[in-house]
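Here's the structure we're looking at; comments come further down.
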Amino acid sequence: MSYFNVRVPLTRVLVFILLFFCGIIIFYNRELSSSLALTKSRTFTIDLTNDTFLMDGKPFRFVSGEFHYFRTPRPRWRDILRKIRAAGLNAVSTYVEWSFHEATPGRYNFVGDKDVEHFMRLAVEEGLYVLLRPGPFICGERDFGGLPPWLFKVKEGIRLRQNDPTYQHYVAKWYRKLFTRLKTFMYGNGGPIIMIQVENEFGMRDHCDPKHAIWLRDLIKSFVHDTAVLYSIDPPHRRMQKCVVDGVYPTVDFGPFQNLTRGFKGQRLVAPRGPLVNAEFYTGWLTHWGEESMQSIPSEEVIDSLEQMLAMGASVNIFMFFGGTNFGFKNGANFDEKYMPTVTSYDYDSPLDESGDPTDKYFQIQDVMRRYMSLPNIAVARSTMKKVYDTVFLTPTVSVFDAQIKQSPVKDNSPLTFEKLGQNYGFVLYETVITENQYCETCTLGVEQIRDRAQVFIDEEFVGSIYRADSTSVDFNVSKNQKLSLFVENMGRINHDKIYDQKGILSMVLLDNEELLGWEMYKFPLDDVSSIELLQPTGNEKYPMFLTGILNMDTKPMDTYLDMRNWTKGVVFVNGNNLGRYWSDAGPQYSLFLPSEFLNVGTNMITIFELERASPNYAVKFSPQSLNKIVYDEE
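Numbering (full-length UniProt numbering), first residue to last: 1 to 635.
Printed below as a string of C-alpha cells:
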C-alpha cells in the first residue's frame, strides 16, 4: 500500500529538497550576521565625568547577589538565580574556583556541578547580568583560597600571587582554558558578563606585587579585550589600595558596621571619579569551629545600610545572597594569632539560607529594592518542605588500623607532607616503631608543626591529640618496640594572606627531645569511599573507624539535615557525596545539610568516618531544620 496518492518525479523532489536547504542556509546566515552586528554595538563602560556605568551608552547601576555555583548542586542553580532576580536584583556575582576545575594538573573538568557555562546560560534565562570573579586566588573561605594544592609540588619555593614565572605559567594555562569557554559570555559579545575582577583583595597582602597585577590585567585583556569592565576589590583603607593599576577600576568592600561616608571615601582615594561601588556588602559573616555561635548580622543593620547606599546611587554586590555549603574538604581557614578552620555550613546568615529558602532578611531586602528597581512578577515560596527520615542504625565496618584499607605505605626516614605524598585533602596515618633506646616511662611527644590535628596512638590505643591551634605535645608512657601512630587531618588550608599552608607533619617528631626516624605513611584521601562500603565488618571497633548503614526511601527525596549532636568529630558520606565535616565537641555547627539531589528512591548508603566517639547505638537521626540556628537563637 502506498503512503502517497500523488506520484512526483524523483528529480523534482530532489530540486525541492535542495532549494529548501539553500533557503535555510541563507536565512541562518542573515540571522547570524544580524546577531553579530548587534553584538558589536553592545558596550559596557565607565563614564568618569558623570560617575556612572554606561550600558550601551545609557546610565546603569547594578545591584547583584553573591552566589557561588560550587556551593550547591547544579539542579538548584536556577531556583537560586530566580530568587535573586525576584528580590529585585539585576545581577549575580560568582567566584570561579581554580582547584574545583583543575584538581590535577592539566586535567580540566567543566561538567555537572562544574559546568560554569551552564551557569552563565541560566543567568541569561533568569534575566541577570554577571560579575565574574576568576581569581586565580579567590579567598572565599575555601581551602587555599581556591588555588590548587598541587602548586606546592610543581616547584620548591614557588611564589604564589607574585611575579613568579612558574606560578604565572600555570595561571596562564588555566585562564586559557577558562576564558576560551567564557569569552562568548562577555557583554560585548552578546553575553551577561559585564565585569571581571582581577585577583582578589590584592592590597591586603603584606607585600602585594603591582607587576603581577599588571600581568594579570594584560592576560585577561588578551582574552576579553574591551567586552567587559575589569575591576578590583579592596577594603576602604589607603594602605590596602597600594596595588591598584591602570585599566582596572578600583572598588571597595565593607559591611553594615562601616560608616558609609568613610567607606566610599576609601574608594575615592584611588578613584576620584566614577561610580561608587561596594563590591562586597556583607549580610552576615563566616564562622569558625570552636566559636560560641554561628555569626550573624541583624537584618535592621543590613537594610539600613543598603537603603542608604542605593539612595546615594551606588552599585552594590550583596555578599552573600546565598551562601550554601562547603561540601567535601573544601572549607578554608584563617589565622589570627592562631589557626581557625571554617565550619562546613556557609549559611553566612544570608537572605537565602543554606537550603536556599528565603529568610526574613530576604523579604526585607525585596521591600527596599522595590523602591529603587522594578520587581519582576516572580512568586517566591516562604520555604520548601524538609523531611525527617527514620533513624538509621549504622554498623562499624573497618578501622584505619585494619589491613584491608591500608594501602601500601610510603616509607621515608622523616615524615612527609601531604603535598609531597601527592595527596591534597583528607588524612594520613604516620607510623614508626619505638626503638630499644627510645622508650621511657613518662614521655613527651613533641611536634612543633602539625598541620592540622593529630590523634596519637600507642599500639593502636589512643593516648592524646595535638592540635595546631592550642597544643604541640602530648605525654604518655611507652615501652620499646611499641608502635607509635599519628593520624593527621588536614582541616582546611588558610585562605587569607598566610596561604603557604602545607599539610601533615612539617617538623621533626621528638620523643623526649630525641628525633624519631623510619616512618611509614598510609594515605586516606577519602575522595572515593565506595570500596570501603563494600567491605564486610572486621569486628575491629577501634577509632578512627568507618560505619555504614542504609536509608530506605520509597517516595521522592526531600531535603533534610543530619543531627550530629551525639557524634564527636568526622565526615559524612551519602551515596558517595561528601557532606563535609562535623565537630560537635567544638561547635557551633551541629547539623549537616543533606540536599535531596544526593538521595535516591530505594536504598541510600550512609557512611560516617568517626574519629573519636560515635553516637550511642551508632544512630543517625534527621532534623527538619538546621540545628546551628537553634543553638544560636537560644543564647
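Backbone N, C-alpha and C fix where the C-beta goes; we use that ideal spot for every residue, glycine too.
Item: Residue closest to Ser596, alpha-carbon to alpha-carbon, out of Gly356, Asp459, Ser408; Value: Gly356
Item: contact_flag[the stretch 299 to 316, the stretch 356 to 374] where n(CB pairs < 8 angstroms) is 3 or more; Value: yes
Item: Closest by C-alpha distance to Ser485, when choosing among Asn259, Gly464, Ala469; Value: Gly464
Item: Ranges of the beta strand (DSSP E) found wholly within the stretch 215 to 298, counting only runs of at least 3; Value: 229 to 234, 249 to 253, 277 to 282
Item: Those runs of the alpha helix (DSSP H) which lie wholly inside the stretch 328 to 406 and span at least 4 residues; Value: 360 to 369
Item: Local Cβ density within 10 Å of Arg61, reported as buried at 16 or more and exposed below that; Value: buried
Item: Local Cβ density within 10 Å of Ile630, reported as buried at 16 or more and exposed below that; Value: Any reading at Ile630 is ruled out, since the residue's pLDDT is 44, under 50, leaving its predicted position unreliable.
Item: Short Cβ contact (8 angstroms threshold) for Leu131 with Ile84; Value: no
Item: Straight-line gap, Tyr500 to Ile494 (C-alpha atoms, nearest Å); Value: 8 angstroms
Item: 8 angstroms Cβ cutoff met for Val620 and Thr391; Value: yes
Item: Minimum length 4: unbroken alpha helix (DSSP H) runs contained in the stretch 31 to 92; Value: 77 to 86
Item: Closest residue to Ser507 among Pro525, Ser473, Lys523 (Cα-Cα distance); Value: Ser473
Item: Local conformation of Glu301 per DSSP, three classes; Value: helix
Item: For Ala619, the first and last residue of its enclosing beta strand (DSSP E); Value: 619 to 623
Item: Beta-carbon spacing of Leu611, Tyr543 below 8 angstroms; Value: yes
Item: 8 angstroms Cβ cutoff, Leu219 in contact with chain C; Value: Reference to chain C is not applicable here, since this structure consists of a single protein chain.
Item: Pairwise C-alpha distance: Pro409 and Glu431; Value: 10 angstroms
Item: Selected residue, minimal CA-CA separation from Pro134, among Glu201, Arg159, Trp77, Arg74; Value: Glu201
Item: DSSP-derived helix/strand/coil call for Thr568; Value: coil
Item: Identity of the residues DSSP links to Ala586 by a beta bridge; Value: DSSP lists no partner for Ala586.
Item: At least 3 beta-carbon pairs within less than 8 angstroms: the stretch 87 to 100 vs the stretch 114 to 133; Value: yes
Item: Residues near Asn29 in its chain [Cβ-Cβ closer than 8 angstroms; skip 5 each side]; Value: Bear in mind that the predicted position of Asn29 carries a pLDDT of just 35, short of 50, making it too unreliable to give a figure here.
Item: Local Cβ density within 10 Å of Glu436, reported as buried at 16 or more and exposed below that; Value: exposed
Item: Environment of Gln455 [buried if 16+ CB atoms lie within 10 Å]; Value: buried
Item: Assigned secondary structure, Arg468 (DSSP; H/G/I helix, E/B strand, else coil); Value: coil
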